[in-house]
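Structure first, then comments.
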Amino acid sequence: MRGFFRYVGRNPALGWGLGILALLLLFSYGGRILIDPADAYALATKPDLPPMLDREALAKIGEMTTFEDKLAQLRLGLRHIFGTDTQGKSLLASMVLGTGLTLQIGAIAGAIGIGIGTVLGFVSGYYAGTVFDNIVTSLVDVVLTMPGFLVLVLIASSLADPNQMTVLTMGLVVSVTAWAFPTRAIRSQVLSMRERPFVMMAKLSAMSGHEIILKELMPNLLPYLVMSLANSVYGGVMGSLGLQGLGIGDRRQPYLGMIIWWIQYYSAFLRGMWWWILEPVTVIVLLLTALILISFGLDEIANPRTRRTV
Amino acid sequence: MRLGYVLRRLAFLLGVIWTAATLNFLLPRLAPRDPVMQKVAQLAATQGLRGEGFAEYVQSQKELYGLDRPLWAQYVSYMWGILHFDLGFSITNYPTTVNQLIAQSVWWTIGLVGTATAFAFAIGTVLGALLGWNKSPRAMNALIPPLMVFSATPSFVLALVLIYFLAFRAKLFPLSRPYSLFVIVDWSDVKFLLDVVHHAILPALSLILVSLGQWSLGMRAMMVTVEGDDYMTFAEAKGLKGSRLFLQYALRNALLPQITGLAVAIGSLVAGSTLVEVYFNYPGLGNRLGAAIASFDYYLISGIVFFLITGIALATFFVDMLYPFLDPRISYARGT
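So the sequences go chain by chain: A and B.
Position one of the first sequence corresponds to residue 3 (this note's numbering), numbered consecutively onward.
Position one of the second sequence corresponds to residue 1010 (this note's numbering), numbered consecutively onward.
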């Protein structure tokens, strides 16, 4: 543990990234104690309220006897602390739940992207020049040339009912384009590593292809895989924000992208509702910056020899 | 070898367009949704379509869009249509064709994305060169964190903040629309043109700020590499002036790899502008796409997406073709 902190001291990007992400996770998963999940849905409370602390409700905490009642009273006191939107949703509750939901979409897309990317990348990199490799490489080239976001729009709008999308469906949709970049990146890493002496050694000791991939190559590329995971989660979050920003997805759920879509739908900026705009934007910027910083920081572990750009 | 490379690149371009067209054809037909039925249901709900003749009406609509024929026949005629740049009719705006709707909006998107790309490239490159130059003041490094934060943020999210502070609060720019209300559209009138520019600044700014990071951080890294080269040391030893070293020795050589970035940047800028146009109510393709999604006008959605994918693939192709002419260090022979 002490070694970890010492390392993070030398790698500030990773430290900041992990720090911000930890704060957001605390906000989302720890914050659930302080909110009533029903407050994140329409007509939960009064609309268009600016941020305020309900002192009356908080003052009553002392009168309550049981712990549950005290907690419920505390929730009442805090529900308007970030203000409410035009549908009467508490922004605190929306953002607490939304951060988690959006991260879950990112995690699903990231896991699928890296899963497929790892398998395809390792196999086609190790067996470079074969038919399989040629197919994978051309497929990746084609997919990467197409703007991923537009393909996502096409897929999402041909689903049975885009407005019923669950976290899982959204994650699956976003992951459709998430595998291509990791595949290419991992393949090129494997390609360079395949010629190293330790792989030759393994071949000479009659290790089979999949054994070499699993026991020799994969452990060496682990930091690189984790970095690609951070990138894919970032891509998944971006994709989901973009789709939801166009109003594609379950509009009743408090996804971060949906909060943004409702801002535009109700023209919050025309009515000077600064809290409704600035708060979710801050959460989104923090989340995305954290993921980018983690990826930068891991890049230093994965490629210690490359010159750092930042 | 040169011709071989061009041909291979061309085949790849066709492959991308074919994939996009096939996706466009297959996805809606695999989907458990029926655009025609949806339109009919909408008509029934809003305009009181009567019960009798309902089946005939649906049938005539299906014939109109060619949805009653077998799948392979639809595919052949679809591809034949694509070859003639025929993307069919818009369902909600029948009998307006998708092509007409694209033609109405495409110039706004090209104008917005083109201007944003040019400004972001120019500002980002100069900024990156200054950041990487070893004689620049150290204080400039303070710019790097904000640049990173901007480049991590989606442009439409940034757009909301810009609208709130610069348009609503400071009243420096209009909130939305391509030009003022009640103004006569006359492209030869300077006053009208200035009005259009004034309206385009905020949407363009939200695209520029987001892509500035990519250009400047990439340029900074290239400058650092170039500064380590021997010819730089030699030029410095000759006693050349700092400005000459910076502009003609370092910047000039670091600039070329930036141009490959253009191909990638165009794609992400178009995707970004799709959302930015919706948020600024700017009448480009993105706004059309947003409206088509809202009304589930599937042919319009897939037509616009196909048009954009083809456009981006073509732009990438031309940048790729241009690059070896600009940078003699890159040869065609190396291939894709």
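The C-beta atom is built at its ideal place from N, Cα and C for all residues, glycine as well.
Task: Burial state of A:G11, where buried means 16 or more other Cβ atoms lie within 10 Å - done: Locating residue 11 of chain A in the first sequence gives position 9, where the first residue counts as 1. Answer is exposed; the Cβ neighbour count stays below 16.
TODO: Leaving out five residues on either side along the sequence, give the residues of the same chain with a beta carbon under 6 Å from the beta carbon of A:G19.
DONE: Walking along the first sequence from the start, residue 19 of chain A turns up at place 17. Only A292, L295, I296 and G299 meet the Cβ criterion.
TODO: Closer than 8 Å by C-beta to B:Y1308: which residues in its own chain qualify, once you throw out the five before and the five after it? Chain order, please.
DONE: Within the second sequence, the letter at position 299 stands for residue 1308 of chain B. Closer than 8 Å at Cβ, skipping near neighbours: P1044, Y1074, L1096, G1097, F1098, S1099, I1100 and V1107.
Open item on the list: I'd like the list of long-range same chain contacts for B:L1254, defined as Cβ closer than 8 Å, with 5 residues on each side in sequence excluded.
Closed with: The residue you call residue 1254 of chain B lines up with position 245 of the second sequence. For B:L1254, where only same-chain residues beyond five positions count, the Cβ hits under 8 Å are M1241, A1244 and E1245.
TODO: May I ask you to list, following chain order, the residues of the stretch 248-267 of chain A that have a beta carbon less than 8 Å from some beta carbon of chain B?
DONE: L248, G249, I250, I262, I265 and Q266
Open item on the list: Per the DSSP calculation, B:F1098 is bridged to which residue(s)?
Closed with: One-based indexing of the second sequence puts residue 1098 of chain B at position 89. Beta-bridge pairing links B:F1098 to B:T1106.
- [ ] Report yes if the CB atom of A:S242 is closer than 9 Å to the CB atom of A:G150, and no otherwise.
- [x] Within the first sequence, residue 242 of chain A is the residue found at index 240, counting from 1. Within the first sequence, residue 150 of chain A is the residue found at index 148, counting from 1. No, Cβ-Cβ distance for A:S242 and A:G150 is not below 9 Å.
Open item on the list: Does the CB of B:T1345 have a neighbour CB from chain A at under 9 Å?
Closed with: Position 336 of the second sequence, counted from the first residue, corresponds to residue 1345 of chain B. With a pLDDT of only 40 at B:T1345, under the threshold of 50, the placement of this residue in the model should not be trusted; the figure read from the coordinates follows. Yes, because at least one Cβ of chain A sits closer than 9 Å to the Cβ of B:T1345.
Open item on the list: Restricting to Cα atoms, I'd like to know which of A:I265, A:V287 and A:W278 is closest to A:V239.
Closed with: One-based indexing of the first sequence puts residue 239 of chain A at position 237. If we check each option's Cα against that of A:V239, A:V287 comes out closest.
Open item on the list: Under 8 Å, CB to CB, which of the residues in the stretch 1304-1316 of chain B have a partner in chain A?
Closed with: Residues are counted here when their Cβ sits less than 8 Å from a Cβ of chain A; for the stretch 1304-1316 of chain B these are F1305, Y1307, I1310, S1311 and V1314, given in chain order.
Open item on the list: Would you say A:V283 lies against chain B (beta-carbon separation less than 9 Å)?
Closed with: Here residue 283 of chain A refers to the residue found at position 281 of the first sequence. True, the Cβ-Cβ gap to chain B drops below 9 Å.
Task: For A:S177, the three-state DSSP class (helix, strand or coil) - done: The residue you call residue 177 of chain A lines up with position 175 of the first sequence. Note: A:S177 maps to helix in three-state DSSP.
Open item on the list: I'd like to check one pair, A:W264 with B:Y1173: are the Cβ atoms closer than 9 Å?
Closed with: As a first step, residue 1173 of chain B must be located in the second sequence, where it is residue number 164. As a first step, residue 264 of chain A must be located in the first sequence, where it is residue number 262. Not in contact: B:Y1173 and A:W264 (Cβ atoms no closer than 9 Å).
- [ ] Determine, using beta carbons only, whether A:K48 and A:G108 come nearer to each other than 9 Å.
- [x] As a position in the first sequence, residue 48 of chain A is number 46, starting the count at 1. As a position in the first sequence, residue 108 of chain A is number 106, starting the count at 1. No, the Cβ-Cβ distance between A:K48 and A:G108 is not below 9 Å.
Task: Beta-carbon contacts of B:V1328 that lie in its chain and below 6 Å, excluding the five residues immediately before and after - done: The residue you call residue 1328 of chain B lines up with position 319 of the second sequence. Excluding positions up to five away in sequence, the list reads L1271 and A1272.
TODO: Look up A:T86 in the DSSP assignment and say whether it is helix, strand or coil.
DONE: Position 84 of the first sequence, counting from 1, holds the residue named residue 86 of chain A. Strand.
Open item on the list: Below 8 Å on C-beta distance, what does B:A1138 contact in chain A?
Closed with: Within the second sequence, the letter at position 129 stands for residue 1138 of chain B. Simply none; closest approach about 14 Å.
Open item on the list: Does A:S140 come out as helix, strand or coil in the three-state DSSP assignment?
Closed with: Position 138 of the first sequence, counted from the start, is the residue given in the question as residue 140 of chain A. Correct three-state label for A:S140: helix.
Task: Same chain, Cβ closer than 8 Å to B:W1142, five either side skipped, listed in chain order - done: Locating residue 1142 of chain B in the second sequence gives position 133, where the first residue counts as 1. Here the set comprises M1232, E1236, F1255 and A1259.
Open item on the list: According to DSSP, is B:S974 part of a helix, a strand, or is it coil?
Closed with: Chain B is shown only over 1010 to 1345; residue 974 of chain B falls outside these bounds and no answer can be derived.
Task: Nearest neighbour of A:E218, chosen from A:A208, A:P39, A:L146 and A:F200 [CA to CA] - done: Start at 1 with the first residue of the first sequence, and residue 218 of chain A comes out as number 216. Out of A:A208, A:P39, A:L146 and A:F200, A:F200 has the C-alpha closest to the C-alpha of A:E218.
Open item on the list: Please report the straight-line C-alpha distance between A:T168 and A:I116, rounded to a whole angstrom.
Closed with: For the purposes of this step, residue 168 of chain A is taken as the residue at position 166 of the first sequence. For the purposes of this step, residue 116 of chain A is taken as the residue at position 114 of the first sequence. If you take the alpha carbons of A:T168 and A:I116, they lie about 21 Å apart.
TODO: With DSSP as the reference, label A:S92 as helix, strand or coil.
DONE: Numbered from its first residue, the first sequence carries residue 92 of chain A at position 90. A:S92 sits in a strand when the DSSP states are folded into three classes.
- [ ] Pull up the distance between the alpha-carbon of A:I110 and that of A:Y128, whole angstroms please.
- [x] If you number the first sequence from 1, residue 110 of chain A lands on position 108. If you number the first sequence from 1, residue 128 of chain A lands on position 126. Spanning the two alpha carbons is a distance of roughly 27 Å.
- [ ] Please look up how many angstroms separate the CB atoms of A:P256 and A:L99, rounded, as I've assumed it's under 8 Å.
- [x] What you label residue 256 of chain A is simply residue 254 of the first sequence in a count that begins at 1. What you label residue 99 of chain A is simply residue 97 of the first sequence in a count that begins at 1. The Cβ separation is near 5 Å, so the contact holds.
TODO: Tell me the start and end of each unbroken alpha helix (DSSP H) in the stretch 93-132 of chain A that is at least 4 residues and wholly inside, in chain order.
DONE: 93-128
TODO: Give me the Cα-Cα distance between A:R310 and A:L193, rounded to the nearest whole angstrom.
DONE: As a working note, residue 310 of chain A is residue 308 in the first sequence. As a working note, residue 193 of chain A is residue 191 in the first sequence. Any answer about A:R310 is weak, because its pLDDT of 49 lies below 50 and its placement is not dependable; what the coordinates show is given next. Whole-angstrom Cα-Cα distance: 23 Å.
- [ ] Could you work out which residue in B:F1326, B:N1296 and B:V1279 is closest to B:V1219 when comparing CA atoms only?
- [x] Translated into the one-based positions of the second sequence, residue 1219 of chain B becomes position 210. Closest option to B:V1219, Cα to Cα, is B:V1279.
Open item on the list: Could you check whether the Cβ of B:I1172 sits closer than 9 Å to any Cβ belonging to chain A?
Closed with: Translated into the one-based positions of the second sequence, residue 1172 of chain B becomes position 163. With a threshold of 9 Å between beta carbons, B:I1172 makes contact with chain A.
- [ ] Could you list which residues in chain A have their beta carbon closer than 7 Å to that of B:Y1288, in chain order?
- [x] By one-based count along the second sequence, residue 1288 of chain B stands at place 279. In chain order: Q266.
Task: Short CB-CB distance (under 9 Å) between B:M1330 and chain A - done: In the second sequence, counting from the first residue as 1, residue 1330 of chain B sits at position 321. No, because no Cβ of chain A sits closer than 9 Å to the Cβ of B:M1330.
Open item on the list: Short of 8 Å Cβ to Cβ, which residues in the stretch 141-161 of chain A face chain B?
Closed with: D143, V144, T147, M148, P149, G150, F151, L152, V153, V155, L156, I157, S159, S160 and L161
Task: For A:F271, three-class secondary structure by DSSP - done: Sequence index remark: in the first sequence, residue 271 of chain A carries index 269 (1-based). Helix.
Open item on the list: If you measure between the beta carbons of B:V1025 and B:A1303, is that distance less than 9 Å?
Closed with: For this step, residue 1025 of chain B is matched to residue 16 along the second sequence. For this step, residue 1303 of chain B is matched to residue 294 along the second sequence. The answer is no: Cβ separation not under 9 Å.
Task: Through-space distance from B:S1164 to A:I35, alpha-carbon basis - done: For this step, residue 35 of chain A is matched to residue 33 along the first sequence. For this step, residue 1164 of chain B is matched to residue 155 along the second sequence. Cα to Cα, the separation comes out at about 33 Å.
- [ ] Tell me where the alpha helix (DSSP H) around B:V1194 begins and ends.
- [x] The sequence position of residue 1194 of chain B within the second sequence is 185, counting from 1. First-last for B:V1194: undefined, no H or E at that position.
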